[in-house]
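Undergrad: Below is one structure. I have some questions about it.
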Amino acid sequence: MSGKSMTGLVIALLLVVVGFNTLYIIKETDRAVLLKFGEIVDPDIKPGLHIMIPVINKVRKFDGRVQTLDAQSQSYLTVEKKRLIVDSFIKWRIVDPQKYYTATSGDEYKAAELLFPNVDAGLRNQFGERTLNEVVSGERDELMVELVDSLSVQTKDELGIEMVDIRVKKIDLPQEVSASVYERMRTEREREARELRSRGKELAEGIQADADRQKAVIEANAYRDAQQVRGEGDALAAKVYADAYNKDAEFYSFYRSLNAYKAAFNQQGDIMVLKPDSEFFRYLGSPTGKASE
């Protein structure tokens, strides 16, 4: 390789190195500051291709997207002085690169260390103003919104960070009181169960009593109706018998005598002690039922 070719190659390499250290790109998802001998000269570099002077200038880039800080579980007291173990996480992003770099030197771990005490104090205050029921269910969303709004102003001024959201993942009772709480809950459920059973028994007895009353009324009405129908039947039968008797009294008397004979001599060995001329045997002595002359 000739000397001119070697020189050209060296110059090209120098230009590449200089260009690599002079040109830099800021992406849409990045936030960055430009330093000159460690002093910030551009507090918020816009996305695109830029030029800097090597050695003199230095660019510090930060992730401008929403970041997540998973906070450690902490113990907080409610307004009722009940201790809770709260597990939470924080969503945040950089809105002022200059303040962020000044406060944290661009270190995310340093930012987390600075954010956590503020969030911890805010959660402690919010929990301390509410009851257990409110922080567990009723006002949890309201609690988070108030906390985000109040902390976001503070973190923007101090750290250049915007608080996007704070969420409680889990709320637990301390282990030493969980057993007593569960026992109290079990006792309350058992008391409610007893009340429900007692109420159900009372309702059942009322239903049974009403059913018995209705049964008695129905049976009484049925007996009354049956007696009425039976009486009407007996009256109708008596009328039929009377009408039949009036049509042929002699035949009716003969028919009744036959039924009496049948009933009297139904069993073998039956004995009756009567006078031969008794009225009972009048149809045995004469077909007409009249005494022979």
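According to the numbering used here, the residues represented by the sequence shown are 11 to 303, in order. We put the beta carbon where it would ideally sit given N, CA and C, even for glycine.
I'd like to check one pair, ARG177 with PHE72: are the Cβ atoms closer than 7 Å?
TA: No; because the gap between Cβ atoms is not below 7 Å, this pair is not in contact.
Undergrad: Can you give me the Cβ contacts of ALA301 inside the same chain, cut-off strictly under 6 Å, excluding the 5 residues immediately before and after it?
TA: Annotation note: pLDDT 47 at ALA301 (below 50); position unreliable, coordinate value reported separately. Closer than 6 Å at the Cβ level, and outside the excluded window around ALA301, lies no residue.
Undergrad: Is the Cβ-Cβ distance between ALA42 and VAL65 less than 7 Å?
TA: no
Undergrad: Could you say if the segment 154-170 and the segment 92-108 meet the contact criterion of at least three C-beta pairs nearer than 8 Å?
TA: yes
Undergrad: Excluding the five sequence neighbours on either side, which residues of its own chain have a C-beta within less than 8 Å of the C-beta of GLU156, listed in chain order?
TA: GLN136
Undergrad: At which residue ranges does the segment 130-212 contain complete beta strand (DSSP E) runs of 3 or more residues, listed in the order of the chain?
TA: Residue ranges of uninterrupted beta strand (DSSP E) with 3 or more members, entirely inside the segment 130-212 and ordered along the chain, are 171-182.
Undergrad: In or out: PRO107 buried (at least 16 other Cβ within 10 Å) or exposed?
TA: buried
Undergrad: Within 10 angstroms of its Cβ, does GLY170 collect 16 or more other Cβ (buried), or is it exposed?
TA: buried
Undergrad: Nearest-angstrom Cα distance between ASP130 and THR114?
TA: 19 Å
Undergrad: In angstroms, rounded to a whole number, what distance separates the CA positions of GLU193 and ASP80?
TA: 32 Å
Undergrad: Whole angstroms are fine: how far does the CA of GLY243 sit from the CA of LYS249?
TA: Between LYS249 and GLY243, the C-alpha separation is close to 10 Å.
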